[in-house]
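Q: Residue numbers (this note's numbering): 297 to 417.
What follows is a structure written as structure tokens; I'll ask about it next.
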């Protein structure tokens, strides 16, 4: 119950701050579609125009926006909420802001794969 409340508070804070939409809670509504687009555009602009990397060109921004939207769409089909929530917590809540849907999609896939593996000779 504590974990659920923690995630609920975290996502509420994210939603109020940057309109982050949890892919597994996406219902396809126009409001959520708009929220996803706004989050992606703001995040890409922040990462490529306001950070230490100056790659603020329309071509780069549109390419990264498209990649993030495609990654979000992939994540809406995720099956393991526990793994996805952990990935979101690690990459969106920490001191290093790596909360792009591209990163979340990549790390979800890697963690899902690793969860089915075990060490052997």
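Don't be surprised by glycine CBs; every beta carbon is placed ideally from N, CA and C.
List the endpoints of the continuous alpha helix (DSSP H) containing residue 363.
A: Here residue 363 is taken as the residue at index 67 of the chain shown, counted from 1. Unbroken alpha helix (DSSP H) run through residue 363: 354-371.
Q: When DSSP labels each residue in this structure, what does residue 331 get in the three-state scheme?
A: As a working note, residue 331 is residue 35 in the chain shown. Residue state, collapsed to three classes: helix.
Q: If you reduce the DSSP assignment to three classes, tell me which class residue 309 lands in.
A: The sequence position of residue 309 within the chain shown is 13, counting from 1. Caution applies to residue 309, whose pLDDT of 41 falls short of 50 and renders its modelled position unreliable; the value that the coordinates give is listed next. Helix.
Q: Taking the straight line between their C-alpha atoms, what separation do you get for residue 364 and residue 398?
A: To locate residue 364, count along the chain shown from 1; it is residue 68. To locate residue 398, count along the chain shown from 1; it is residue 102. Cα-Cα distance, rounded: 5 Å.
Q: Flag this pair as touching only if the stretch 405-413 and the stretch 377-387 have three or more C-beta atom pairs under 8 Å; answer yes or no.
A: yes
Q: Within 10 angstroms of its Cβ, does residue 367 collect 16 or more other Cβ (buried), or is it exposed?
A: Here residue 367 refers to the residue found at position 71 of the chain shown. It is buried - the Cβ of residue 367 has at least 16 other Cβ atoms within 10 Å.
Q: Going by C-alpha to C-alpha distance, which of 407, 362, 320, 369 sits closest to residue 339?
A: Locating residue 339 in the chain shown gives position 43, where the first residue counts as 1. For the set 407, 362, 320, 369, the Cα lying nearest the Cα of residue 339 is the one of 362.
Q: Hey, how far is the Cα of residue 395 from the Cα of residue 328?
A: Counting from 1 along the chain shown, the entry for residue 395 is found at position 99. Counting from 1 along the chain shown, the entry for residue 328 is found at position 32. Rounded to whole angstroms, residue 395 to residue 328 spans 18 Å at the Cα level.
Q: If we ignore side chains and look at the alpha-carbon of each, how far apart do residue 325 and residue 316 end up?
A: One-based indexing of the chain shown puts residue 325 at position 29. One-based indexing of the chain shown puts residue 316 at position 20. Going from the Cα of residue 325 to the Cα of residue 316 covers about 15 Å.
Q: When burial is assigned at 16 or more other CB atoms within 10 Å of the CB, is residue 400 buried or exposed?
A: As a position in the chain shown, residue 400 is number 104, starting the count at 1. Looking at its Cβ environment, which holds 16 or more other Cβ atoms inside 10 Å, residue 400 is buried.
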